[in-house]
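Quick note, the numbering used here runs 26 ahead of the 1-based positions in the sequence shown. We put the beta carbon where it would ideally sit given N, CA and C, even for glycine. Written out below as structure tokens is the structure these notes cover.
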Amino acid sequence: MTRKLILTLLLAMTTATLWARPPRVRIEWGVLGGVNIADYSTNMGDIDVKDRLGWQVGIMTAVNWGAVALEPQILFVRQGLKIRPEGVEQIRLRSHSIEIPVLASLRILKPLRFYLGPVFTVMNDCKDKQGDNLIDFGRVRPTVSFAGGLGIQLNRHMLIDLRYNGQLRSKHNVALPDGRMIDKMRMFNVAFSFGYIF
């Protein structure tokens, strides 16, 4: 009886100590780079949109509490697309943007991590390539979008990341060089990246 009482008290004290101990916070940082496949679409049947393979590079950080982490990142994103309105010459667009994803990651099933969070586009420079000239076109990426995805961390340093990025709402009234307006334009893309965590 005494042994059971002592064991119960020891177990209760150990549990109380573990619960009372604050979670250990670890700061992580690294680099990230990969490719993205965009899907631009419009609500106008007479406009053909063709997407091109893009890429992204950046810096990733994380405030890691163990099972969960907050992961702000800074990414430079390059994308391209071709727009061909009916009866008009094809428009080739190049889009460069700086994006800041602020992702929450769930890390219960190690080495997997699951992401979800907003993405803020702080700069988007889109140009229309006509011969050797680049002409300002305007923004094609949303100011605020969202991202969700899955990552796997290997050997404590290598990270493989697959992410889906989508718009919260369509972009309205996009002006083409010939003066024609696109009522609604939407963008989704899938990004595949490799990262190194220092």
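For residue i: DSSP bridge partner residues
{"i": "TRP81", "result": "VAL61 and ARG104"}
{"i": "GLY143", "result": "ALA173"}
{"i": "ARG206", "result": "ARG206 is not bridged to any residue."}
{"i": "MET211", "result": "THR68 and LYS197"}
Cβ shell of residue i (< 6 Å), same chain only, five flanking positions each side left out
{"i": "ARG139", "result": "SER131, ARG133 and GLY177"}
{"i": "ARG189", "result": "ALA173, GLY175 and ALA217"}
{"i": "LEU44", "result": "Interpretation of LEU44 is limited by its pLDDT of 49, a score under 50 that renders its predicted location unreliable; the figure taken from the coordinates is listed afterwards. There are no such residues."}
{"i": "GLU112", "result": "ASP72"}
{"i": "ARG110", "result": "ASP74 and GLN116"}
{"i": "VAL166", "result": "SER121 and CYS152"}
{"i": "ARG236", "result": "Residue 236 falls outside the range modelled here, since the chain spans only 27 to 224, and no answer is possible."}
Closest residue to residue i among the options (Cα-Cα distance)
{"i": "ALA201", "options": "ILE73, VAL128, ASN181 and ASN62", "result": "ILE73"}
{"i": "LEU58", "options": "PRO137, PHE102 and MET207", "result": "PHE102"}
{"i": "SER219", "options": "GLU54, THR34, ILE63 and VAL51", "result": "ILE63"}
{"i": "ILE161", "options": "TYR222, GLY221, SER121 and ARG50", "result": "SER121"}
{"i": "GLY221", "options": "GLY113, ARG104 and ALA88", "result": "ALA88"}
{"i": "HIS183", "options": "ASP151, PHE163, PHE224 and GLY113", "result": "PHE224"}
{"i": "THR85", "options": "LYS210, ASP77 and GLY56", "result": "Per the sequence presented here, residue 85 reads as Ile, with Thr not at that position. Checking every option, the nearest Cα to that of ILE85 belongs to GLY56."}
{"i": "TRP91", "options": "ARG118, ILE53 and LEU119", "result": "ILE53"}
{"i": "PHE163", "options": "ARG206, THR34, LEU135 and ASN181", "result": "ARG206"}
{"i": "LYS136", "options": "VAL51, ASN215, VAL61 and LEU185", "result": "LEU185"}
{"i": "ASN215", "options": "ASN150, THR34, VAL61 and ARG50", "result": "VAL61"}
{"i": "GLU97", "options": "LEU142, ASN159 and MET149", "result": "LEU142"}
DSSP three-state assignment for residue i, whether helix, strand or coil
{"i": "THR265", "result": "Absent from the structure is residue 265, since the part of the chain shown begins at 27 and ends at 224."}
{"i": "LEU44", "result": "Confidence at LEU44 is low in this model, with a pLDDT of 49, below 50, so the placement of that residue is unreliable and no value is reported for it."}
{"i": "GLN116", "result": "coil"}
{"i": "PRO136", "result": "Sequence inspection shows Lys at residue 136; the Pro mentioned does not correspond to that position. LYS136 falls in the coil class under three-state DSSP."}
{"i": "ASP162", "result": "strand"}
{"i": "GLY174", "result": "strand"}
{"i": "ASN150", "result": "strand"}
{"i": "ALA93", "result": "coil"}
{"i": "VAL128", "result": "strand"}
{"i": "ARG52", "result": "strand"}
{"i": "PHE218", "result": "strand"}
{"i": "LEU185", "result": "strand"}
{"i": "PRO168", "result": "coil"}
{"i": "ASN199", "result": "strand"}
{"i": "GLY157", "result": "coil"}
Same chain, Cβ closer than 8 Å to residue i, neighbours up to 5 away in sequence not counted
{"i": "PRO168", "result": "THR147, GLN193, LEU194, ARG195, LYS197 and MET213"}
{"i": "ARG78", "result": "ALA64, GLN105, GLY106, LEU107 and LYS108"}
{"i": "VAL51", "result": "VAL89, ASN90 and TRP91"}
{"i": "VAL94", "result": "ALA130, SER131, LEU132 and ARG133"}
Cβ-based neighbour list, residue i, same chain, cut-off 7 Å, excluding 5 preceding and 5 following
{"i": "PRO144", "result": "VAL128, VAL170 and PHE172"}
{"i": "SER67", "result": "VAL75 and ARG212"}
{"i": "MET70", "result": "ILE208 and ASP209"}
Cβ pair residue i, residue j closer than 8 Å
{"i": "ILE126", "j": "GLN82", "result": "no"}
{"i": "ASN159", "j": "SER123", "result": "no"}
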